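Heads up, the sequence shown is in this note's numbering, so the first residue is 117 and it goes up one at a time.
Even for Gly, the Cβ is constructed at its ideal location relative to N, Cα and C.
Everything numeric in this text was worked out from a predicted model, so none of it was measured.
Input: a single structure, listed below in structure tokens.
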Amino acid sequence: YLRFFVYISFFNTAMLGLVTSSNLIQIYFFWELVGMCSYLLIGFWFTRPIAANACQKAFVTNRVGDFGLLLGILGFFWITGSLEFRDLFKIANNWIPNNGINSLLTTLCAFLLFLGAVAKSAQFPLHVWLPDAMEGPTPISALIHAATMVAAGIFLLARLLPLFISLPLIMSFISLVGTITLFLGATLALAQRDIKRSLAYSTMSQLGYMMLALGIGSYEAALFHLITHAYSKALLFLGSGSIIHSMEPLVGYSPDKSQNMVLMGGLRKYIPITRGTFLCGTLSLCGIPPLACFWSKDEILSNSWLYSPFFGIIASFTAGLTAFYMFRIYLLTFDGYLRVHFQNYSSTKEGSLYSISLWGKGISKGVNRDFVLSTMKGGVSFFSQNIPKIPDNTRKKIGSFSTPFGAKNTFVYPHETGNTMLFPLLILLLFTLFIGSIGIHFDNGIKGNGTSELTILSKWLTPSINFFQESSNSSINSYEFLINAISSVSLAILGLFIA
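Here's what the structure looks like:
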């Protein structure tokens, strides 16, 4: 626990340092610290070969992007003589439009900066590390996919957007990479059996939406989706941790089995609180109103249609795919019957109840070392009647999720996790329900500079340019919003019913 909390505190500190940086050298320093902490946390159980390989893969893949970021920073320092954002933006606004500097060299340096964001935010083709990052503890998966590692690349592009906007070729490339990633992530998520890997590819797809929004100049929509997605995805990952925890009494500690959705099913009867929170997170990510992600995703879809029908078609189709794969996860996990009891189990090394320890050493065990798990000919697992005497304290421990041992067929069933794990789910549920209100458009009148302040989020963000100016006619805005909302929600509901 000491090592875990040291790493996680350092991780949060590095990310806070990154978002408060005022120049590129500070950004790079904290950028590297974020990468180092992710390496330590993904490989937290470092004696397990699969975890050790996963953290190395994440580290090496991010080396590619970090090298590009460093070259881009050095290139801009050579061009401008400064690493301060203020100076870079002044040059972008004054020199580039007047051909004061070499546009080809500036475009190359901007591309190298973008390469760093591609690796950190798991964009195509440097996305390969993200699914393997699931080998870390589940709270780390939630943190990486919500607020730290993958958010760093999106934040960097948003922070440097005034520079990128002066380079149309780079903006087009950013939107293209985002479009490829959002579609690729959604299609990969369709075929996963591991619940955490499915959510990882979902994150990759949603990051593609943010990258697309940045590429088309929709700065506010990208950061709004970053905020709403963070709460929804943290809720889903911690919910998946609760699901995995509830499956371990049945299959032992073995991620291949406790995370396998094929062995789940019917969990709504056993873990109702987790089921309710997971359903809200799923509906939010699908874009169902009035949950958080509906407001941000709808804005991205609307702006992508305005910018290019090609981007609009792919983004809208992927919104339907998102609803499909998210409800596939939900239905495989919570609907139907508990399929784990219909598998042929044994406690041999080749059998399904062979477990591994946290530190990678294989141990042959059933649910508890004090009793033996045997198998019926029909393939349904139950406790043998020839059981050694069970100590009273062990009997009390397992009493909450098993029937009396005198019964002929006695099954072990999943059970709800403790309050320590449920409390964060309920807190995140509140944010998932209400955080979308910061981006809802209200007509608050005209500000002093003649523009309309329409959202709470607009007070916190000061975009350098907005390609999608809001109409001053609130009735037109309401009509457009209604049309866009109906189309996006219809796609989500279609994907839901297909699932």
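Residues bridged to residue i (per DSSP)
i, result
"D310", "N376"
"I139", "Note that residue 139 is Asn in the sequence shown, not Ile. E200."
Rounded C-alpha distance that separates residue i from residue j
i, j, result
"L315", "L401", "11 Å"
"P540", "G159", "24 Å"
"G331", "S606", "26 Å"
"S198", "F192", "8 Å"
"R309", "P405", "28 Å"
"R275", "K385", "46 Å"
"A329", "H345", "14 Å"
"S154", "Y595", "45 Å"
"S497", "N600", "Confidence is the limiting factor: at S497 the pLDDT is only 36, short of 50, which leaves the residue's position unreliable, though a coordinate-based value still follows. Whole-angstrom Cα-Cα distance: 51 Å."
"A608", "A615", "11 Å"
"S288", "F227", "11 Å"
"A350", "T390", "13 Å"
"L187", "L220", "15 Å"
"M380", "P371", "13 Å"
"G392", "G151", "34 Å"
"R455", "Y369", "18 Å"
"V135", "S374", "36 Å"
"F120", "F126", "10 Å"
"L132", "L156", "18 Å"
"R444", "E251", "22 Å"
"Q239", "G324", "7 Å"
"F394", "S418", "27 Å"
"L542", "P365", "24 Å"
Residue i classed as buried or exposed, judged by whether at least 16 other C-beta atoms fall within 10 angstroms
i, result
"L306", "exposed"
"W194", "exposed"
"P284", "exposed"
"L546", "exposed"
"F550", "exposed"
"F145", "exposed"
"P425", "exposed"
"S358", "buried"
"I556", "exposed"
"I141", "exposed"
"Y347", "buried"
"P247", "buried"
"Y441", "buried"
"R202", "exposed"
"P165", "exposed"
"G515", "Reliability fails at G515, whose pLDDT of 40 lies under 50, so the model's placement of it is uncertain and the value that follows must be treated cautiously. So G515 counts as exposed."
"S420", "buried"
"F162", "exposed"
Integer Cβ distance of residue i from residue j, believed to fall under 8 Å
i, j, result
"S282", "N178", "Incorrect: roughly 28 Å between the Cβ atoms, too far for contact."
"T254", "S356", "7 Å"
"G397", "T548", "6 Å"
"T232", "L259", "Note on identity: in this sequence residue 232 is Gly, with Thr being the wrong assignment. Incorrect: roughly 20 Å between the Cβ atoms, too far for contact."
"L298", "S321", "5 Å"
"L279", "F205", "6 Å"
"G611", "T449", "So it is not a contact: roughly 17 Å between Cβ atoms."
"A337", "E415", "4 Å"
task: Can you check the stretch 189-244 for any alpha helix (DSSP H) of at least 4 residues that lies completely inside it and give the ranges in chain order?
output: List check, alpha helix (DSSP H) in window: 201-210, 219-236.
task: Starting from the N-terminal side, write out each stretch of the alpha helix (DSSP H) that is 4 residues or longer and does not extend beyond the stretch 415-466.
output: Within the stretch 415-466, the complete alpha helix (DSSP H) runs of at least 4 residues are 425-450.
query: Which residue spans inside the stretch 252-310 form an unbroken alpha helix (DSSP H) run of at least 4?
result: Runs found: 254-262, 265-275, 277-281, 284-305.
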